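Below you'll find the structure, written out as structure tokens, and then a few comments.
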Amino acid sequence: MNFIEFCKGMKKHFGITNGVNKFVSRIFVVAPETGIMDIIKFDAWLHKKHGEYEERGMSMANLVETEYGAITSKFVKEALGLND
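Right, dumping it as structure tokens:
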């Protein structure tokens, strides 16, 4: 996934248009195969939006699938470099 695809996906799936750069992993710059998304910053954003979902027995993957659907879950996995 390249930066433009990532930006389009973040807008489509999460409504994020400004500040997408903050979700880009620094490692991606030197190792694109690792995935473009910074999991720590994305997790922090999810916590701001949905609270402490772990206390409800949910993982990040569970939350994304439940709240945003399978297509968004696939996008996040691809952005994280977790291709099935």
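Each position in the sequence shown, counted from 1, maps to that position plus 363 in the numbering used here.
Ideal Cβ placement from N, Cα and C applies to all residues, glycine included.
Just so it is clear, the structure is predicted and the values come from calculations on it, not from any experiment.
query: Span of the alpha helix (DSSP H) holding Thr429?
result: Counting from one through the sequence shown, the residue named residue 429 turns up at place 66. Element bounds for Thr429: 423-431.
message: Suppose you measure from the CA of Asn365 to the CA of Val393; what does that come to, to the nearest Å?
response: Taking the first residue of the sequence shown as position 1, residue 365 is located at position 2. Taking the first residue of the sequence shown as position 1, residue 393 is located at position 30. CA-to-CA, the gap between Asn365 and Val393 works out to about 13 Å.
- request: Round the Cβ separation of Thr397 and Gly444 to the nearest angstrom and send it over; I've been treating them as touching at under 8 Å.
  value: The count along the sequence shown starts at 1 and reaches residue 397 at position 34. The count along the sequence shown starts at 1 and reaches residue 444 at position 81. That belief holds up - the Cβ atoms of Thr397 and Gly444 are roughly 5 Å apart, short of 8 Å.
- prompt: In chain order, which alpha helix (DSSP H) runs of at least 4 residues are fully inside the region 378-443?
  reply: Runs of alpha helix (DSSP H) with 4 or more residues, each lying fully within the region 378-443, are found at 389-393, 402-413, 423-431, 433-442, listed in chain order.
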